[in-house]
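In this text, residue positions in the sequence shown follow our numbering: the first is 3, and each later residue adds one. Positions of the beta carbon are idealized from the N, C-alpha and C atoms, including for glycine.
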Amino acid sequence: MIKWLGAVVGFFLRGLSGAVLGFFAGSIIDGFFGNNKSNARSVFQDYTRPNVSPADFELNLLSLCSIVIKADGQVSQSEMDYVRQYFVSTYGKDKANAIFRSFNEINKKGEISAERVCTFLAQRTRYEVRLQLLHFLFGIAQADGNISNSEIQKIREIAGYLRVPLNEFDSIKAMFVKSANNSYKILDVPKSATDAEVKKAYREMAKKYHPDRVNTQDEAIKKGAEEKFKQVQAAYETIQKERGLN
């Protein structure tokens with residue numbers, strides 16, 4: 003309770019930065035005077051441990067799913083089913099339900115901050131995993147048959163917080179939002195690129211998105227890597243046919 007009071011007081015004194023400082027200061031006080039002092043330590047552990055635990059990864063992933071689902075101002079049942087199916091198929095029904103219960107408790111405490119969640123993940127996950135997170139979020143947005151501009155903008159915002167540059171975001175976007183020169187966009191090269199530049203881009207993309215480079219136990223992220231790798235190969239094959247490359 004003290005942490006939320008600290009956040010409010012901090013906001014009035016120093017704006018958003020004060021709210022953040024007030025929240026963490028209050029968390030420490032809550033930890034010392036609450037029933038379980040481990041809460042005080044957890045505030046620092048979140049910022050010092052090098053890797054994200056499976057439980058934290060699941061909850062933060064679910065937070066990003068929720069943000070994308072709400073991005074266009076309406077909650078699509080098909081998008082919710084897409085997320086639920088992923089968690090059930092990955093973790094089993096019982097564990098998936100436990101994850102959702104934990105998330106609902108967190109969600110009751112206030113609006114989810116995309117910047118906070120992404121900062122947490124960016125500090126604790128490999129770059130290849132963050133790319134696959136964006137791929138998964140686009141899959142959610144596409145689940146209802148249409149990816150709205152607001153969903154695209156929200157995922158782009160998330161990409162920025164995850165420290166993924168715009169050209170990488172556009173490459174992933176091209177796999178879901180079709181447009182002219184789509185194969186070139188996936189390989190992140192202009193249509194005017196030379197044959198040598200196209201081949202080099204393909205080799206770099208194939209290496210970057212190879213499933214073996216995605217070091218995670220999360221099955222959906224692994225599947226996303228495999229799918230993206232296949233799309234990179236398909237894009238190159240399309241360009242090969244257009245140009246008659248060997």
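Distance from the CA of I154 to the CA of F171, rounded to the nearest whole angstrom, comes to 10 Å. When DSSP states are grouped into helix, strand and coil, K201 belongs to the helix group. Contiguous beta strand (DSSP E) elements confined to the region 168-195 do not occur, taking only those with 3 or more residues. A145 places its beta carbon less than 8 Å from that of Y84. Around the beta carbon of R132, a 10 Å sphere encloses 16 or more other beta carbons of the protein chains shown; the residue is thus reported as buried. With respect to the 8 Å criterion, I157 and A237 are not classified as neighbours on the basis of their beta carbons.
For S68, the enclosing alpha helix (DSSP H) begins and ends at 56-71. No residue range can be given for V77, since it is assigned to no alpha helix (DSSP H) and is classified by DSSP as neither H nor E. A residue is called buried when at least 16 other Cβ atoms come within 10 angstroms of its Cβ; V200 meets this threshold and is buried.
The straight-line gap separating the alpha-carbon atoms of Y129 and V166 is approximately 8 Å. It is roughly 11 Å from the alpha-carbon of Q125 to the alpha-carbon of Y163. For N62, the number of other beta carbons within 10 angstroms of its own is at least 16, and it is reported as buried.
A direct Cα-to-Cα measurement between H212 and S185 gives close to 18 Å.
L168 counts as exposed, since fewer than 16 other C-beta atoms from the protein chains shown sit within 10 angstroms of its C-beta. The criterion of a C-beta distance shorter than 8 Å is not satisfied by M177 and K224. Between the alpha carbons of V191 and L135 lies a gap of roughly 22 Å. Taken through DSSP and simplified to helix, strand or coil, G147 comes out as coil.
Between I69 and V77 a beta carbon distance of about 12 Å is seen, past the 8 Å cut, so the two are scored as non-contacting. Here E60 is buried: its Cβ has 16 or more other Cβ atoms, across all protein chains shown, within 10 Å. Distance check between S173 and each of Q233, A116, L123, R86 places Q233 closest, using alpha-carbon atoms only. Within the same chain, Cβ atoms closer than 8 Å to the Cβ of I149 are found at F140, A143, F178, V179, the five residues on either side in sequence being excluded.
Annotation: R126 is outside any alpha helix (DSSP H) and is labelled neither H nor E by DSSP. Comparing alpha-carbon positions, the option among E159, K202, G147, N248 lying closest to Q79 turns out to be G147.
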